[in-house]
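Here the working numbering is used: the first residue of the sequence shown is 1, the next is one more, and so on.
We put the CB at the ideal spot given by N, CA and C, even for glycine.
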Amino acid sequence: MKKNIIESTSNKLHHLAALYIAGEIKYLKPSPNIKNKTYIALVKECKNLKEALENQDVESIEHSLKIKEKLAKDFYNLTCIKWRL
């Protein structure tokens with residue numbers, strides 16, 4: 001049962017993140033919850049990475065990848081959700 005809840009939540013969070021990264025959502029509502037703060041930081045870094053890739057800025061790509069990797073680990077440790085974006 002818990003696995004199904006995690007999978008459902010994961011799908012919803014990834015879908016929301018994809019919409020934000022694609023520019024279809026302009027704002028993510030922050031909250032004092034550490035899980036939410038980590039999620040928002042991770043999604044914003046994914047968007048930064050997308051923009052760096054589009055601009056072919058190698059230094060920014062490397063920097064964003066390092067930050068994204070750390071945030072993805074933090075997010076997994078908090079939620080047990082593996083980040084796929």
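Problem set entry | Start and end residues, alpha helix (DSSP H) containing Asp74 | Its alpha helix (DSSP H) spans residues 58–79.
Exercise. Taking C-alpha atoms, which residue in Lys70, Glu59, Asn36, Gln56 lies nearest to Ala17?
Worked result: Selection Lys70, Glu59, Asn36, Gln56 evaluated against Ala17 yields Asn36 as nearest (Cα-Cα).
Exercise. With 16 as the cutoff for other CB atoms within 10 Å, does Asn4 come out buried or exposed?
Worked result: Label assigned to Asn4: exposed.
For this session: Go ahead and label Val58 buried or exposed: buried means 16 or more other beta carbons lie within 10 angstroms of its beta carbon, across all protein chains shown.
Result: Val58 should be labelled exposed.
For this session: Measure the beta-carbon distance from Ile21 to Lys50 and round it to whole angstroms, keeping in mind my assumption that it falls under 8 Å.
Result: The Cβ separation is near 6 Å, so the contact holds.
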